[in-house]
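Residue numbers (this note's numbering): 74 to 342. A virtual CB, placed ideally from N, CA and C, is assigned to each residue, including glycine. Take a look at the structure set out below.
See below:
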(Lines of atoms letter the chains of each structure in order from A; the text may use other names.)
(Lines give C-alpha, C1' and ligand atoms only; values in the text may rest on other atoms or scores of the structure.)
Protein backbone atom coordinates (compact mmCIF):
# COMPACT_ATOMS: atom_id res chain seq x y z
CA UNK A 74 0.00 0.00 0.00
CA UNK A 75 1.07 3.57 -0.74
CA UNK A 76 -0.76 6.64 0.44
CA UNK A 77 -0.96 10.29 1.35
CA UNK A 78 -3.16 12.64 3.38
CA UNK A 79 -4.34 16.22 3.01
CA UNK A 80 -6.55 18.79 4.71
CA UNK A 81 -9.30 20.71 2.90
CA UNK A 82 -11.13 23.45 4.82
CA UNK A 83 -10.32 21.75 8.11
CA UNK A 84 -11.37 18.24 6.99
CA UNK A 85 -8.63 15.59 7.03
CA UNK A 86 -8.68 13.11 4.13
CA UNK A 87 -6.48 10.03 3.63
CA UNK A 88 -5.84 8.20 0.36
CA UNK A 89 -4.18 4.83 -0.07
CA UNK A 90 -3.89 2.36 -2.92
CA UNK A 91 -2.31 -0.94 -3.82
CA UNK A 92 -0.52 0.90 -6.65
CA UNK A 93 1.13 4.33 -6.79
CA UNK A 94 -0.88 5.18 -9.92
CA UNK A 95 -4.03 4.74 -7.83
CA UNK A 96 -3.01 7.52 -5.45
CA UNK A 97 -2.22 9.80 -8.39
CA UNK A 98 -5.58 8.94 -9.99
CA UNK A 99 -7.54 10.01 -6.91
CA UNK A 100 -5.43 13.11 -6.28
CA UNK A 101 -6.37 14.36 -9.75
CA UNK A 102 -9.94 14.64 -8.44
CA UNK A 103 -9.23 15.74 -4.88
CA UNK A 104 -10.72 19.01 -3.55
CA UNK A 105 -9.15 22.01 -5.34
CA UNK A 106 -8.19 23.77 -2.09
CA UNK A 107 -6.03 21.53 0.09
CA UNK A 108 -2.69 21.26 1.86
CA UNK A 109 -0.62 18.28 3.04
CA UNK A 110 -1.71 16.86 6.40
CA UNK A 111 0.77 16.88 9.27
CA UNK A 112 -0.86 13.90 11.01
CA UNK A 113 -1.80 10.40 9.77
CA UNK A 114 -5.12 10.63 11.67
CA UNK A 115 -7.90 11.43 9.17
CA UNK A 116 -11.66 11.98 9.17
CA UNK A 117 -12.17 9.69 6.16
CA UNK A 118 -9.87 7.17 4.49
CA UNK A 119 -10.30 6.33 0.80
CA UNK A 120 -8.79 3.02 -0.35
CA UNK A 121 -8.35 2.00 -3.97
CA UNK A 122 -7.59 -1.58 -4.91
CA UNK A 123 -5.95 -1.14 -8.30
CA UNK A 124 -7.18 -3.38 -11.10
CA UNK A 125 -5.80 -3.76 -14.62
CA UNK A 126 -4.54 -6.84 -16.49
CA UNK A 127 -5.17 -10.08 -14.63
CA UNK A 128 -2.94 -13.10 -14.11
CA UNK A 129 -4.28 -14.78 -17.28
CA UNK A 130 -4.60 -13.52 -20.80
CA UNK A 131 -7.93 -11.82 -21.46
CA UNK A 132 -8.67 -11.33 -17.75
CA UNK A 133 -9.08 -7.81 -16.38
CA UNK A 134 -9.16 -7.14 -12.65
CA UNK A 135 -11.71 -4.63 -11.39
CA UNK A 136 -10.83 -1.46 -9.49
CA UNK A 137 -12.43 -1.27 -6.02
CA UNK A 138 -12.93 2.07 -4.26
CA UNK A 139 -13.79 2.29 -0.55
CA UNK A 140 -14.63 5.17 1.80
CA UNK A 141 -13.53 3.76 5.15
CA UNK A 142 -15.13 0.28 5.02
CA UNK A 143 -17.94 1.16 2.56
CA UNK A 144 -17.52 0.19 -1.06
CA UNK A 145 -18.25 3.15 -3.36
CA UNK A 146 -17.45 1.66 -6.75
CA UNK A 147 -16.48 -1.65 -8.36
CA UNK A 148 -15.57 -1.21 -12.01
CA UNK A 149 -12.94 -1.62 -14.69
CA UNK A 150 -13.40 2.06 -15.63
CA UNK A 151 -11.02 4.53 -14.00
CA UNK A 152 -13.32 7.35 -15.10
CA UNK A 153 -16.07 5.89 -12.89
CA UNK A 154 -13.59 5.58 -10.01
CA UNK A 155 -12.56 9.22 -10.40
CA UNK A 156 -16.17 10.36 -10.57
CA UNK A 157 -17.24 8.38 -7.50
CA UNK A 158 -14.32 9.78 -5.51
CA UNK A 159 -14.88 13.33 -6.77
CA UNK A 160 -18.55 13.35 -5.72
CA UNK A 161 -18.04 11.60 -2.39
CA UNK A 162 -15.03 13.56 -1.15
CA UNK A 163 -16.53 16.90 -2.22
CA UNK A 164 -19.74 16.27 -0.29
CA UNK A 165 -17.84 14.95 2.71
CA UNK A 166 -15.73 18.10 2.96
CA UNK A 167 -18.86 20.22 2.42
CA UNK A 168 -20.68 18.44 5.26
CA UNK A 169 -17.78 18.43 7.73
CA UNK A 170 -15.99 21.76 7.19
CA UNK A 171 -15.95 23.26 10.72
CA UNK A 172 -15.65 26.95 9.86
CA UNK A 173 -17.26 27.20 6.41
CA UNK A 174 -20.74 26.71 5.01
CA UNK A 175 -21.04 25.08 1.57
CA UNK A 176 -24.03 26.03 -0.59
CA UNK A 177 -24.72 24.32 -3.92
CA UNK A 178 -24.26 27.27 -6.28
CA UNK A 179 -22.38 28.72 -9.19
CA UNK A 180 -20.17 31.66 -8.25
CA UNK A 181 -18.26 34.23 -10.29
CA UNK A 182 -16.33 37.33 -9.34
CA UNK A 183 -17.17 40.68 -10.88
CA UNK A 184 -15.91 44.16 -10.00
CA UNK A 185 -14.41 43.10 -6.64
CA UNK A 186 -17.55 41.26 -5.54
CA UNK A 187 -19.19 37.88 -6.05
CA UNK A 188 -22.35 36.86 -7.89
CA UNK A 189 -23.95 33.73 -6.42
CA UNK A 190 -26.70 31.67 -8.06
CA UNK A 191 -27.75 28.75 -5.84
CA UNK A 192 -29.26 25.62 -7.35
CA UNK A 193 -29.40 21.85 -7.28
CA UNK A 194 -27.54 19.66 -9.74
CA UNK A 195 -28.82 20.00 -13.33
CA UNK A 196 -30.27 23.47 -12.65
CA UNK A 197 -27.89 24.93 -15.25
CA UNK A 198 -25.22 26.35 -12.91
CA UNK A 199 -22.25 25.39 -15.09
CA UNK A 200 -23.86 26.68 -18.29
CA UNK A 201 -24.58 30.03 -16.68
CA UNK A 202 -21.12 30.13 -15.10
CA UNK A 203 -19.45 29.68 -18.49
CA UNK A 204 -21.67 32.34 -20.07
CA UNK A 205 -20.68 34.83 -17.36
CA UNK A 206 -17.00 33.96 -17.75
CA UNK A 207 -17.21 34.58 -21.49
CA UNK A 208 -18.47 38.09 -20.71
CA UNK A 209 -15.54 38.91 -18.44
CA UNK A 210 -16.46 37.54 -15.00
CA UNK A 211 -13.85 35.64 -12.95
CA UNK A 212 -14.14 31.99 -11.97
CA UNK A 213 -14.84 31.04 -8.35
CA UNK A 214 -16.86 27.80 -8.59
CA UNK A 215 -19.53 26.01 -10.62
CA UNK A 216 -20.58 23.74 -7.76
CA UNK A 217 -20.26 25.32 -4.29
CA UNK A 218 -20.42 28.79 -2.80
CA UNK A 219 -18.12 28.36 0.19
CA UNK A 220 -19.02 30.95 2.83
CA UNK A 221 -16.71 31.90 5.67
CA UNK A 222 -17.85 33.11 9.08
CA UNK A 223 -18.11 36.70 7.78
CA UNK A 224 -20.40 35.66 4.92
CA UNK A 225 -17.69 36.15 2.28
CA UNK A 226 -17.17 33.65 -0.54
CA UNK A 227 -13.86 31.78 -0.66
CA UNK A 228 -12.65 29.81 -3.71
CA UNK A 229 -13.63 26.27 -4.69
CA UNK A 230 -12.18 26.25 -8.24
CA UNK A 231 -12.76 22.63 -9.15
CA UNK A 232 -12.83 21.41 -12.74
CA UNK A 233 -15.99 22.48 -14.55
CA UNK A 234 -18.58 19.75 -15.13
CA UNK A 235 -19.48 20.18 -18.80
CA UNK A 236 -22.31 18.14 -20.36
CA UNK A 237 -22.78 17.72 -24.07
CA UNK A 238 -25.74 19.59 -25.54
CA UNK A 239 -27.53 16.36 -26.53
CA UNK A 240 -26.83 14.53 -23.26
CA UNK A 241 -29.81 13.13 -21.38
CA UNK A 242 -31.00 15.03 -18.32
CA UNK A 243 -29.40 13.55 -15.21
CA UNK A 244 -26.21 12.61 -17.05
CA UNK A 245 -23.12 14.01 -15.35
CA UNK A 246 -20.71 15.84 -17.61
CA UNK A 247 -17.02 15.40 -18.18
CA UNK A 248 -14.64 17.41 -16.01
CA UNK A 249 -12.59 20.10 -17.73
CA UNK A 250 -9.75 21.95 -16.01
CA UNK A 251 -10.25 25.74 -15.88
CA UNK A 252 -6.76 26.22 -17.34
CA UNK A 253 -7.73 24.19 -20.42
CA UNK A 254 -10.43 26.80 -21.11
CA UNK A 255 -8.08 29.72 -20.47
CA UNK A 256 -9.75 30.45 -17.11
CA UNK A 257 -7.74 31.80 -14.17
CA UNK A 258 -9.61 31.22 -10.87
CA UNK A 259 -10.08 34.00 -8.32
CA UNK A 260 -7.76 33.97 -5.32
CA UNK A 261 -8.87 35.16 -1.91
CA UNK A 262 -12.33 35.88 -0.51
CA UNK A 263 -14.97 38.15 -2.02
CA UNK A 264 -18.04 39.88 -0.55
CA UNK A 265 -21.31 38.74 -2.13
CA UNK A 266 -22.84 41.62 -4.12
CA UNK A 267 -25.63 39.80 -5.96
CA UNK A 268 -27.70 36.66 -5.30
CA UNK A 269 -29.65 35.36 -8.30
CA UNK A 270 -32.45 32.84 -7.70
CA UNK A 271 -32.84 31.22 -11.11
CA UNK A 272 -32.96 27.94 -12.97
CA UNK A 273 -33.22 26.96 -16.59
CA UNK A 274 -36.73 26.68 -18.07
CA UNK A 275 -36.98 26.13 -21.82
CA UNK A 276 -38.53 29.11 -23.60
CA UNK A 277 -38.27 31.44 -20.60
CA UNK A 278 -36.96 34.99 -20.73
CA UNK A 279 -34.84 36.26 -17.86
CA UNK A 280 -36.80 39.15 -16.29
CA UNK A 281 -35.35 39.64 -12.81
CA UNK A 282 -37.56 40.92 -10.03
CA UNK A 283 -36.37 41.99 -6.56
CA UNK A 284 -36.29 39.17 -4.01
CA UNK A 285 -36.61 39.92 -0.31
CA UNK A 286 -33.79 38.97 2.08
CA UNK A 287 -36.06 36.23 3.44
CA UNK A 288 -36.66 34.77 -0.04
CA UNK A 289 -32.97 34.92 -0.80
CA UNK A 290 -32.04 33.28 2.51
CA UNK A 291 -34.55 30.46 1.96
CA UNK A 292 -33.24 29.92 -1.57
CA UNK A 293 -29.69 29.58 -0.30
CA UNK A 294 -30.62 27.57 2.79
CA UNK A 295 -32.46 25.04 0.60
CA UNK A 296 -29.16 24.40 -1.15
CA UNK A 297 -26.87 24.52 1.90
CA UNK A 298 -25.09 21.20 2.43
CA UNK A 299 -24.84 21.35 6.26
CA UNK A 300 -28.33 22.84 6.76
CA UNK A 301 -29.53 19.86 8.85
CA UNK A 302 -26.35 19.06 10.78
CA UNK A 303 -25.27 22.68 11.42
CA UNK A 304 -28.41 24.77 10.90
CA UNK A 305 -27.31 27.68 13.10
CA UNK A 306 -23.96 28.08 11.36
CA UNK A 307 -25.58 27.80 7.92
CA UNK A 308 -28.26 30.36 8.73
CA UNK A 309 -25.76 32.77 10.32
CA UNK A 310 -23.48 32.83 7.26
CA UNK A 311 -26.37 33.06 4.82
CA UNK A 312 -28.00 35.87 6.81
CA UNK A 313 -24.77 37.90 6.59
CA UNK A 314 -24.85 37.42 2.82
CA UNK A 315 -28.45 38.47 2.18
CA UNK A 316 -28.30 41.44 4.55
CA UNK A 317 -25.77 43.21 2.32
CA UNK A 318 -26.36 41.71 -1.15
CA UNK A 319 -28.89 42.63 -3.82
CA UNK A 320 -31.17 39.65 -4.50
CA UNK A 321 -33.30 38.96 -7.60
CA UNK A 322 -35.33 36.05 -8.91
CA UNK A 323 -36.49 34.86 -12.34
CA UNK A 324 -36.44 31.71 -14.42
CA UNK A 325 -34.10 31.89 -17.40
CA UNK A 326 -33.86 30.56 -20.91
CA UNK A 327 -30.62 30.95 -22.82
CA UNK A 328 -27.63 31.40 -20.53
CA UNK A 329 -26.01 34.11 -22.65
CA UNK A 330 -29.09 36.35 -22.41
CA UNK A 331 -29.34 35.88 -18.65
CA UNK A 332 -25.60 36.44 -18.19
CA UNK A 333 -25.71 39.85 -19.89
CA UNK A 334 -28.62 40.95 -17.70
CA UNK A 335 -26.94 39.64 -14.53
CA UNK A 336 -23.72 41.56 -15.18
CA UNK A 337 -25.70 44.74 -15.81
CA UNK A 338 -27.38 44.28 -12.44
CA UNK A 339 -24.06 43.63 -10.76
CA UNK A 340 -22.61 46.77 -12.34
CA UNK A 341 -25.57 48.84 -11.11
CA UNK A 342 -26.83 49.64 -14.64
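- Counting along the chain, the unbroken alpha helix (DSSP H) around residue 286 starts and ends at 286 to 294.
- By the criterion of at least three beta-carbon pairs nearer than 8 Å, the stretch 227 to 234 is in contact with the stretch 251 to 266.
- If you keep only unbroken beta strand (DSSP E) runs of at least 3 residues inside the stretch 98 to 165, you get 117 to 122, 136 to 140 and 143 to 148.
- In the three-state DSSP reduction, residue 168 falls in the helix class (H, G or I).
- Per the Cβ contact rule, the stretch 165 to 182 is in contact with the stretch 209 to 229 (3 or more Cβ pairs under 8 Å).
- Assigned with DSSP and collapsed to three states, residue 231 falls in coil, not helix or strand.
- Residue pairing from DSSP leaves residue 332 without any beta-bridge partner.
- Going by DSSP, residue 304 is part of the alpha helix (DSSP H) stretching over 304 to 317.
- Burial of residue 281 is indicated by the presence of at least 16 other C-beta atoms within 10 angstroms of its C-beta.
- Counting only the Cα atoms, residue 340 lies some 23 Å from residue 277.
- Assignment of beta-bridge partners to residue 258 by DSSP yields 212.
- Out of 309, 258, 87 and 196, the CA that lies nearest to the CA of residue 166 is found in 87.
- Here residue 334 is actually not in contact with residue 208; their C-beta atoms are around 11 Å apart, not less than 8 Å.
- When the beta-carbon positions are compared, residue 319 and residue 267 come within less than 7 Å of each other.
- Shown here, residue 218 sits in a strand according to DSSP, grouped into three states.
- By the Cβ rule, the stretch 197 to 205 does not count as touching the stretch 147 to 164, because fewer than three pairs are nearer than 8 Å.
- If you draw a straight line from the Cα of residue 168 to the Cα of residue 311, it is about 16 Å long.
- Setting aside the 5 residues that flank it on each side, residue 170 is surrounded in the same chain by 82, 83 and 84, each with a C-beta closer than 7 Å to its C-beta; the list follows chain order.
- Taking residue 116 as the centre and dropping the five residues before and after it, the same chain places the C-beta of 84, 85, 86, 165 and 169 closer than 8 Å to its C-beta, in chain order.
- The criterion of a C-beta distance shorter than 7 Å is satisfied by residue 121 and residue 138.
- Inclusion of residue 329 and residue 187 in the CB contact set at 7 Å is not warranted, their separation being larger than that value.
- In the three-state reduction of the DSSP assignment, residue 339 falls in the helix class.
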